[in-house]
Every structure is written in structure tokens, then in C-alpha cells.
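Counted the way the working numbering counts, the sequence shown spans residues 592 to 818. Beta carbons: idealized from backbone N, C-alpha and C, even for Gly. It should be emphasised that the depicted structure is a prediction, and the values quoted were computed from it without experimental measurement. Notes for the one structure printed next.
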Amino acid sequence: MEGCFFCNPDKDRVLYTSEHFYVLLGLGPIVEGYAILVARQHVRSMFDLPKELRDAYAAEKRRLKDLIARVYGPSIVTEHGRVLACTVEDEEAHDLLCYHAHQLFFPVNIDLSQLVNEGPFEKIEFPGKSLFDIDSSQLQDDEEYLLFENSEDEVFIHKVRGKCPRQYMRYLVARSQGQPELASWQRYPDVLRIKEAKRKYTDALLSSPASPVLQERKHRQLQTVKR
């Protein structure tokens, strides 16, 4: 989709790509190692992924959390589902302008499970530890949600019952680090920290025989030889 930066990411910040997802080192890393798991298919939230992609999502989420653990330690995952996620900087734009499923991974170990204490949010009670354990009747097609997954892989979902600021989960993470202003990636892009994280992640990936980065390099080398 034209204008969506998740459809056309900065290639210098893409860590690796798989068949259905890619990992992007996002601007404004509140903590070094911040990464974004993005669905390559244009779908508005991870909850709305087609059923045939759910296993791939679970595998890619596990791969990224394991990579972060190797390099930085425990991490959490957040998502502001079904909300504007592209280049239009209109704070009122929470409609059908540009949805693109992505989740944020932060190398921190904090608890954001009690969002009912933070604003107009309603916790969804459900069995299991996966986003997809929620019954579709608990989250209607037009309902916005906030996801938090802790370092123990426990998932918490809250419906948004009022206006929720964009970058809200980033704000909570930044506040937990004593620097709430870092929630704004536009003001604090911190490209140097991104480059350092990419160097460390790439070193870790290349040390693994199953590395997607290593596999991509081998594929490119093979294509060069064939030419």
C-alpha cells in the first residue's frame, strides 16, 4: 500500500526476513535492542492474521524473543491492534487509513498487565497464553485492543474503551525507564543505538547455522554463481 512504511521499510533497518514476516529495528529505541515484528501481508492486526499464518507468527515471535534473550536478556512484547500505523501524522486518524500488523519487542522486564489502572481499558479474561486463545466474540471486528506479553510468555489483552493516544505502549515503556519523552520516535530516533543493535544481532545470527541472515546470504551467493 502506497505511503505505508511497513509495506516499504528502510532496508538498512531490516534485520531479517522470512516468508510471511520480517524484523525491523525501529526508530526511537527506548532501550537498545528494540525490534518490531511485522507481517508482510497487509493485515490490520496480529489478531486478524489469517488462520494459515498463525503458526508462522508463533514461530517468528519465538525466534525473535530467543534472539533478544541471547543478546540482551528477557523481553516483553506489545501491540496496539487495529490502529493507524503508517505515515499520516493525524492524531484523530483511527479509521481505515492504513493498518499494518506489527508488534514491538523491548529488551526490558516490566509489568504492563494492569492497564485498567492506566485509562479506559477493559481486560479480556481468557484461558491459555496465546493471542489466538481469545474467542472471537470477546473481541469484535471493529474493537481496538492493547496487547502485552511478559517475559514469561503470558499474554494480556485489553479492549480500548475510549480514545487511546498513539504510541501509548511505547510511552508506558519509556516511562518505566524514567524517560517518558523517548516515546516519541520522531523526536528521538537514536540511529546510532539502532546501528549498534544491528551489529550485535547480526553477530549473534551469523553464529547460528540456522540463521535467517546466513541463509539469505547463501541464497544471494548462489544466485550470483548461477548468473
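N- and C-terminal bounds of the alpha helix (DSSP H) containing residue i
i	result
VAL662	645-662
GLU787	782-797
SER767	759-767
Residues bridged to residue i (per DSSP)
i	result
TYR607	VAL614
ALA626	PHE696
GLY672	TYR736
ILE667	PHE697
PHE712	VAL751
VAL746	GLU740
Residue of the options minimising C-alpha distance to residue i
i	options	result
PHE747	PRO718, SER775, LEU763, ALA774	PRO718
ALA795	GLU740, TYR663, ASN708	TYR663
ARG761	ASP724, TYR625, GLN705, GLU743	TYR625
SER771	LEU737, VAL782, GLN758	The question names Ser, but residue 771 in the sequence shown is Pro. Checked all of LEU737, VAL782, GLN758; the closest Cα to PRO771 is GLN758.
PHE739	ASP702, CYS598, ALA630, TYR607	ASP702
PRO756	ILE627, GLY672, ALA650, LEU797	GLY672
ARG654	VAL668, LYS642, GLU643	VAL668
ALA630	LYS791, ILE621, ASN599	ASN599
LYS547	HIS633, GLU670, GLU743	In this structure the chain extends from 592 to 818, so residue 547 is not present and cannot be described.
GLN731	ASN741, GLU745, ILE715	ILE715
GLN694	GLU709, LEU722, GLU643	LEU722
GLU643	GLU610, LEU628, TYR736, ASN700	GLU610
GLU745	ARG784, SER666, SER775	SER666
Residue environment, residue i, which counts as buried when at least 16 other CB atoms sit within 10 Å
i	result
GLY753	exposed
GLY769	exposed
SER799	exposed
LYS652	buried
SER636	buried
ASP603	exposed
SER727	exposed
GLN777	exposed
VAL782	exposed
VAL751	buried
HIS691	buried
ALA765	buried
ALA788	buried
GLU680	Only weak support exists for where GLU680 lies, its pLDDT of 47 falling under 50; the value from the coordinates is given anyway. Exposed, by the Cβ-count rule.
ALA650	exposed
Worksheet entry | Cβ pair count under 8 Å reaching 3, the region 596-614 against the region 639-659 | yes
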